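One structure is given here, and the rest of the page talks about it.
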Amino acid sequence: MAALWLCARHELLLAVRSRWLQWFAAVFAGLALLVASSGYILSGGHGLQDFARTAVSLVQLVLLIVPLAALVFGALTLSPDRGAAEILYAQPVPREVILAGRVFGLFLALGAAQLLGFGVAGLAVQWSAGPYGASQFLVVVALSLALTAVFVTVAAALASGEPGRRARTLGLALVVWFVAVILFDLAALGVASLLKSGAASRLLITAALVNPVDAGRTAAYLAIEGTAAFGGASLALLRFTGGGASAGAMIAASFLVWVAVPAWIAARRLGRADL
Amino acid sequence: MIQYREFTKVFGIHRAVDALTVEVPAGAVVALLGPNGSGKTTTIKAAAGLVRPTSGEVRLGAEGRPAGDAVARRLCSFLPQRVSFPDALTGREVVNFYRRLRGLPGEATDRVMRFASLNGAGNRAVGTYSGGMTQRLGLAVAMLPDAEILLLDEPTAALDPDGLSTFDALIRSRRQAGQTVFFSSHQLGDVERLADLIVILVEGRLAATLTAGELAARLADRGVMRLRLAHAEASVLARVQAIAPQAVWAGDDLLVPGPAAARLGALDAVRAAGGVVEGLSAEEGRLDEFYRSIVGGAT
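Here it is as structure tokens:
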């Protein structure tokens, strides 16, 4: 456990000193502020939205940006550089422990950058519009951290293996992002439109659980504003599970599986790799 | 002690090491020699637990623990060929991280920083280090634990003369402490100065196991004596060729290849034939030629 925490702190320190992460924190904070004010701007008003409206507006930003950042940072950070990996993994600590520490450290770093962004936007909203809807804002923060955990472990699964394949891993990470965030929904809806009602529902329910981005979207809207903002897949899931609580539990289970399975694959790949 | 038993490693279709059976005795300094691509790095990395045998086994220590075993990794310390560390950390932060990973006390950092002559640069970011300084930092990390076995893959490749002195001191101190050092090198000087035993790999196979003295003698036997004579005379060459048949003229220089023991006789033959020697030099045999001769079975 001490070695895991040591590796996590080491990774956190490296990430904090990384200009890329500093840029990400700044850009994320700027975008969060922009989103907080854009709702009124688009409707001809001015000033910042309250927490509830900001939370709804932030969901799309989180679903788009957070998986991308986690995958790209994960691919770049966790792909073993030969000279560094050789001396690190020759230490008398199991490879899996070192990897788990590094993944956890990267999660902490990305999480801290996001919290900084949410914090800046949150302070501005609180100052401008008061605390109404703060709990819904916190749901989006939690969603952001959950997606970070999922996609950092997915990046670890892609990156673990033979050293010196960083470019390939980065390419794969971008493909995963494109599929999860953009292609998956379109494909699921397209296929569902060709199926009969029952089969289409089952497909949409599966789609809402299988893809962590969809699961996150469903969970966020469920917590923020009920079923009003639901798309077809989310609505089908809610009908299937019979209520918000069980739908939430299934989504939580989906997230846990999406952390556990890639983490297991990453550990197994690294354990078998010749470094 | 390190024991390789029929150790074979295949990467795809490339057989990097083929049925290597050799023992690195406890307390010995053993050099691993061989041309590029001969399997030296794979052999050392297998002992460090980084490369898993395709077949055969690699065992460490008196108890013969498999190299991949966590206990075996505690017995050894490893320096890779091209070590690298995060640019954003200082040298001291790097050493401290590895020290804590090994569970060593804080004074170990100061000890190795002093030894590696990195005191002046310890608080600078690794990104500002030269290749030689990074190599020294790697040496510092490798010598953090008082490990029973030290595994070093071409440790002197980027070192300046000061770094070489540091490296020599490290090896000597480990030898005095009865620890085992297994290192690969292309530097004949390192091998002659430091190694008790030399293992030669060629094309992934064990080609020879020699003492340092035996290697020096074999290289000397493949050396060339170059005599600069006042005049190139046929009679001189004929007398010398009776002793060293491969002797030839190269301008006014008489080249006498062959065993070192024959050189004195060749010199006497030159003088006896009336040759006037104006200069003399001797070159040792080259390692690459030696490897080729081993592959050709002409050891």
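As you go down the protein sequences, you meet chains A and B in turn. Residue numbering for the first sequence follows our numbering, beginning at 3 and increasing consecutively. Residue numbering for the second sequence follows our numbering, beginning at 10 and increasing consecutively. C-beta: ideal position from N, C-alpha, C; glycine also. As the structure is a computational prediction, the values presented were derived from the model and not from experiment.
Bridge partners of S86 of chain B according to DSSP: B:L159.
For P170 of chain B, not one C-beta of chain A is nearer than 7 Å to its own C-beta. Taking 7 Å as the threshold, the shortest C-beta distance from Q24 of chain A to chain B does not fall below it. Of the other Cβ atoms in all chains shown, 16 or more fall within 10 Å of the Cβ of W260 of chain A; this residue is therefore buried. Taking a cut-off of 8 Å for Cβ pairs, the segment 294-303 of chain B and the segment 42-51 of chain B touch, as three or more such pairs fall below it. DSSP places M152 of chain B in the coil class of the three-state scheme, outside both helix and strand.
Residues of the same chain with a CB within less than 8 Å of the CB of E242 of chain B, apart from the 5 flanking positions on each side, are A282, G283 and G284 in chain order. No Cβ of chain B is located within less than 7 Å of the beta carbon of I267 of chain A.
The CB of Y107 of chain B comes closer than 9 Å to the CB of I89, L90 and Q93 in chain A, given here in chain order. Restricting attention to alpha helix (DSSP H) runs no shorter than 4 residues, the segment 42-100 of chain A encloses them at 53-80 and 84-91, ordered along the chain.
Annotation note: the segment 186-265 of chain B contains the following uninterrupted beta strand (DSSP E) runs of length 3 or greater, listed N- to C-terminal: 189-193, 206-211, 214-220, 233-238 and 257-259.
In this structure, DSSP gives L239 of chain A a helical state, which the three-state scheme calls helix. Contact between the segment 148-162 of chain A and the segment 69-76 of chain A is present: 3 or more CB-CB pairs across the two stretches fall below 8 Å.
Looking at the DSSP output, I11 of chain B shares a beta bridge with B:V33 and B:L69. Distances from the CA of F106 of chain A to each of A:R270, A:A265 and A:A275 were compared; the closest alpha carbon is that of A:A265. DSSP places A182 of chain A in no alpha helix (DSSP H); its state is neither H nor E. Contact with chain B is absent for A27 of chain A, since none of that chain's Cβ atoms lies less than 7 Å from the residue's Cβ. Taking the C-beta atoms as reference points, G65 of chain B is found nearer than 7 Å to T17 of chain B. Chain order gives no chain B residues near A115 of chain A, where near means a beta carbon separation below 9 Å; the closest approach is about 16 Å. Between E98 of chain A and A269 of chain A, the C-beta gap is smaller than 7 Å, which places the two residues in contact.
Beta-bridge annotation (DSSP): K198 of chain A is not paired with any residue. Spatial neighbours of Q12 of chain B in its own chain (CB-CB distance under 6 Å, excluding positions within 5 residues in sequence) are listed in chain order as E32 and R68.
The beta carbons of A111 of chain A and V18 of chain A sit about 6 Å from each other, so the pair counts as a contact at 8 Å.
Excluding five sequence positions before and after A202 of chain A, the CB atoms of its chain that fall closer than 6 Å to its own CB belong to A194, given in chain order. For L113 of chain B against L153 of chain B, the beta-carbon gap comes to about 6 Å, under 8 Å, which counts as contact.
The beta carbons of L224 of chain A and G246 of chain A sit closer together than 7 Å. Among the bridge pairs identified by DSSP, S64 of chain B is matched with B:T17. Cβ contact annotation for P95 of chain B (same chain, cutoff 8 Å, sequence separation greater than five): V103 and V135, in chain order. Among the CB atoms of chain A, one or more fall inside 7 Å of the CB of P95 of chain B. According to DSSP, residue pairing for H12 of chain A in a beta bridge does not occur. In the three-state scheme derived from DSSP, where H, G and I count as helix and E and B as strand, V285 of chain B is classed as coil. The beta carbons of D169 of chain B and G141 of chain B sit about 5 Å from each other, so the pair counts as a contact at 8 Å. When the Cα atoms are used, F53 of chain A and F120 of chain A turn out to be separated by approximately 11 Å.
DSSP places R24 of chain B within a strand segment (E or B) once states are collapsed to three. Distance between V37 of chain A and G163 of chain A, taken at the CA atoms: about 39 Å. Within the segment 63-88 of chain A, D83, R84, G85, A86, A87 and E88 place their CB atoms closer than 9 Å to a CB of chain B, listed in sequence order.
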